[in-house]
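For reference, the structure discussed in these notes is given below.
In this note's numbering, the protein residues as written are 966 to 1120.
The following block contains the structure:
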């Protein structure tokens, strides 16, 4: 692990700590890592198996053009990026977790859909990384639609 990633782990925000409490220990069926280096970036949370990145964003990310470049690079590497405002993580935790579970459901192979779990390219077996691809209903690289006082969007 890189020194910057190690430092970020010790300086987690309340929202990052709250979300990590729900992501750790395979509680959602996949392993997540926190403050994990991917390329030249350090992501808040990532499931390498599902190729899903989750970012907890505070106010400093409201107009950050660096986020767009980072998201573009991550998408090019086959990752789906979910971004949530810290406020939503802390105050609408169930909706945030539901969005994550929904994304995981579209990112992981399913024997119920006739997909071969053992040879899936999401598990590093090669082939195209097409799960959750273009035209899907995912919330890739978008902030959570949850806003204070607004009902959750029906997905």
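For every residue, glycine included, the Cβ atom is placed at its ideal position computed from N, Cα and C. Quick caveat: nothing in here was measured; it's all calculated off a predicted structure.
The beta carbons of residue 980 and residue 1055 sit closer together than 8 Å.
For residue 1010, DSSP records a beta bridge to 999 and 1019.
Measuring C-alpha to C-alpha distances from residue 1010 to each of 1034, 1031, 982 and 1033 identifies 982 as the nearest. When beta bridges are read from the DSSP output, residue 1046 appears opposite 1018.
A distance below 8 Å separates the beta carbons of residue 987 and residue 1062. Comparing alpha-carbon positions, the option among 1037, 1014, 1052 and 1049 lying closest to residue 1071 turns out to be 1014.
In the three-state reduction of the DSSP assignment, residue 978 falls in the coil class. With fewer than 16 other Cβ atoms from the protein chains shown falling within 10 Å of its own Cβ, residue 1005 counts as exposed.
Residue 1070: member of the alpha helix (DSSP H) spanning 1058-1072, first to last residue. The alpha-carbon of residue 993 is positioned some 7 Å away from that of residue 1066. In the three-state reduction of the DSSP assignment, residue 1005 falls in the coil class. Its Cα nearest to that of residue 1035, the residue 1007 stands out among 1007, 1012 and 1053.
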